[in-house]
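Counting from 1 along the sequence shown, just add 14 to a position and that's the residue number in the numbering used here.
Don't be surprised by glycine CBs; every beta carbon is placed ideally from N, CA and C.
Since the structure is predicted, the reported quantities are computational estimates derived from the model, not experimental observations.
Structure first, commentary second.
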Amino acid sequence: MLLAAEFLSVDNLVFVTGAVVTLIGAFFVVTSRNPVHSALNLVVTLFGVAVLFVSLHATFLAAVQVIVYAGAIVVLFLFVIMLLGVDRDEAIEAEPLKGQRPVAAALGVLILGELALLSNLRFRTPPPDAVAGSITPVVPDKTNVEQLAEAIFTRYLLAFEVTSILLVIAVVGAVVLARKPGRAFGLLAARPEDDPAEVGA
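This is the structure in structure tokens:
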């Protein structure tokens with residue numbers, strides 16, 4: 015009875031709920047045929063992850079998960095999906111590049127073999143002092159936001175800036191891929207059939 019009461023505590027219920035929502039959302043992200051439905055299920059998955067962050071008392075990360083990822087990144091995904099028009103039905107049986115499926119299968123087998131090889135290897139364990147020095151210490155006098163900001167803009171500043179550059183490159187690449195051949199600098203190229211005088215002639 016005591017074990018059941020401990021299992022039904024609020025923390026455990028919050029964790030189980032967040033984990034179930036995350037797993038269900040991730041499952042439908044992978045299995046959905048429509049990319050728009052996959053993006054919407056990704057929002058559900060991110061909300062579940064935010065609930066898990068709340069259960070870990072990481073309130074700032076939970077807010078960032080909802081505001082930045084669910085609110086901005088997924089909207090960007092939807093914008094790119096609509097811009098590229100990949101939400102329409104496509105011929106999956108068609109193979110534009112010959113031999114891509116055997117190459118993909120060979121790469122998958124190679125990656126699985128590499129993972130199996132790495133799992134059997136034994137690596138030297140670093141000394142505890144080196145591990146402790148690589149972890150950002152937790153200061154009880156500072157808030158979660160202050161410690162995270164100090165870590166991002168001091169120790170991990172280069173990685174933070176590289177990530178922002180990669181996101182900008184991804185957005186620019188998506189816009190370039192979505193441009194139609196008849197467009198230049200956002201304006202439609204002049205075509206003879208667009209001129210009413212020539213059409214009448």
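- In the DSSP assignment, Ile125 falls within the alpha helix (DSSP H) that extends over 114-134.
- When the alpha-carbon of Val63 is set against those of Arg47, Thr45, Ile38, Asn48, the nearest one is in Ile38.
- Runs of the alpha helix (DSSP H) lying entirely within the region 29-95 and spanning at least 4 residues, in chain order: 49-69, 73-78.
- The C-beta separation of Phe91 from Ala120 comes to about 30 angstroms, leaving the pair out of contact by the 8 angstroms criterion.
- With a contact defined as Cβ atoms closer than 8 angstroms, Gln79 and Phe67 qualify at about 6 angstroms.
- Pairing Val57 with Gly32 gives a Cβ-Cβ distance that is not under 9 angstroms.
- In the three-state reduction of the DSSP assignment, Arg169 falls in the helix class.
- In the structure shown, Thr157 adopts coil according to DSSP, grouped into three states.
- Scanning Ile125, Phe61, Arg115, Val190 for the CA closest to the CA of Val82 turns up Phe61.
- Beyond the five residues adjoining it in sequence on each side, Ala72 comes within less than 8 angstroms, by CB distance, of Asn158 in the same chain, given in chain order.
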